[in-house]
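Those letters in the sequence shown? Residues -29 to -1, 1 to 276, per mature numbering (1 follows the signal peptide of the UniProt record, and there is no 0), in order.
Each residue gets a CB set at the ideal place from its N, CA and C atoms; glycine is no exception.
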Amino acid sequence: MIAKPSRHIGSITLAAALGFLAGCAGSSASQPDEPSPKEASAEETAAEPTTPDIPDSELVLWLRPEASQFETTGDKVTNWKDASGYGNDMIAPGNTFRPTLDADAFGGRGAVRFDGQDDMLLRDGFSPERLPMATVFIVAAPAANTGQFDGLLSAGNRNAEDSFTGFHVDLGGGAWTGCDEKYPDSTTALNTINVQSAKTTVTCGQDFLEDSVPFARPALISVTIDDTQTAVRLDGKEQKVAGGGPDLLTVPQVRLGARFHRQKYQGYYDGAISEVLVYGQSLSEADIAKVEAYLGDKYGIAISQ
């Protein structure tokens, strides 16, 4: 396991150190009134953002929208850097796959916009390659849904069906007719989410949502995949639950904005994604609530309690 970056600890300035030593000397000579070293330091040094109060154990992927997390050509994203410490940067596999960085999205928080045609980011060589379980958080604002299981996040073996080897979280379809694949052309809101994996008992897709969110508005999708259940939450509110299983999730290749289905990349997502966290474990209710509170506060999403 790769060690996580340490939390920021403030350092003492040279001026503060000299002031401390002068105080220890106990000089009785009168001194002119001057700002204390602490006050001067506060004026000269900008405060750094604090690390959010979220669990970091087994956090294997963390995509954040801050400008420092991207490599771009113009406004096209070539690399979305992983902040988890595992080095799972998501990279555009070619020029035509590059999504667009929108730094002003959602009140300046930022987002990556996928065009629904061929935009995708890929991690080939994801570490660790196998996960016993997973908890996934995605802040997304879909612009459309073709009804063809457009992929938010997909993970699996190379050249193998994502739903059989790893897992995928997609927009599903507006109607569910079993395995005949007669799905509608579109939906008019984020009102369907489908999750399938090597651990789930769902074989032909299932709509996990009971609630809906308008298109273009940031929504928080939380997914737990473990040995007993596959559970989905929308903006912190519990939705539907399906069964789980003991199989490992094999995830050497991870795709953002698309799926791997029937031996090809397809199901390209049309919309924005601002933040993604993937844990290689099933988080407790308390830890899920911590992550949801952090993301809800950051993106102005009202989280159900």
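| said: So, with DSSP's three-state summary, where would you put PHE68? | reply: Three-state DSSP puts PHE68 in a helix.
| query | Comparing alpha-carbon positions, which option in THR171, ALA82, LEU92 and LYS52 lies nearest ALA63? | reply | Considering only alpha carbons, the answer is LEU92.
| field | Buried/exposed call for residue 278, threshold 16 Cβ in 10 Å | value | Residue 278 is absent from the structure shown; the chain starts at -29 and stops at 276.
| At least one CB of chain D closer than 8 Å to the CB of VAL83: is that the case? | Considering every chain present, this structure includes no chain D. It has just one protein chain.
| message | Do PHE179 and VAL203 have their beta-carbon atoms positioned less than 8 Å apart in this structure? | response | In this structure, PHE179 lies closer than 8 Å to VAL203 by Cβ.
| query | Between which two residues does the beta strand (DSSP E) harbouring THR195 extend? | reply | Here the beta strand (DSSP E) through THR195 covers 190 to 196.
| Buried or exposed: which applies to residue 318, given that a residue is buried once 16 or more other Cβ atoms fall within 10 Å of its Cβ? | Missing from the structure shown is residue 318; the chain here goes from -29 to 276 and no further.
| request: Can you say whether GLY271 is buried or exposed, counting buried as having 16 or more other CB atoms within 10 angstroms of its CB? | output: GLY271 is exposed by the Cβ-count criterion.
| said: DSSP three-state label for GLU256, please. | reply: Under the three-state reduction of DSSP output, GLU256 falls in the helix class.
| query | Which class does THR106 belong to by DSSP, given the choice of helix, strand or coil? | reply | The answer is strand: DSSP assigns THR106 an E or B state.
| message | On the DSSP letters alone, give me the boundaries of the beta strand (DSSP E) that ASP241 sits inside. | response | 241 to 250 is the extent of the beta strand (DSSP E) around ASP241.
| For ALA(-1), the three-state DSSP class (helix, strand or coil) | Summary for ALA(-1): the model assigns pLDDT 37, below 50, so the residue's position carries little reliability; its value from the coordinates is reported in the next sentence. DSSP places ALA(-1) in coil when its eight states are reduced to three.
| task | Using alpha carbons as the reference points, say which of GLY207, GLY216 and ARG188 lies closest to residue 281. | result | The question about residue 281 has no answer here: the residues shown for the chain are numbered -29 through 276.
| query | Going by alpha carbons, who is nearest to ALA54 out of GLY45, GLY65 and PHE41? | reply | Considering only alpha carbons, the answer is PHE41.
| request: Would you give the residue range spanned by the beta strand (DSSP E) that THR44 belongs to? | output: Element bounds for THR44: 41 to 44.
| task | Could you check if LEU254 is buried or exposed, using at least 16 other CB atoms within 10 Å of its CB as the buried criterion? | result | Counting Cβ neighbours within 10 Å, LEU254 comes out buried, since at least 16 surround it.
| message | According to DSSP, simplified to helix, strand and coil, what is GLY267? | response | In the displayed model, GLY267 falls within a helix according to three-state DSSP.
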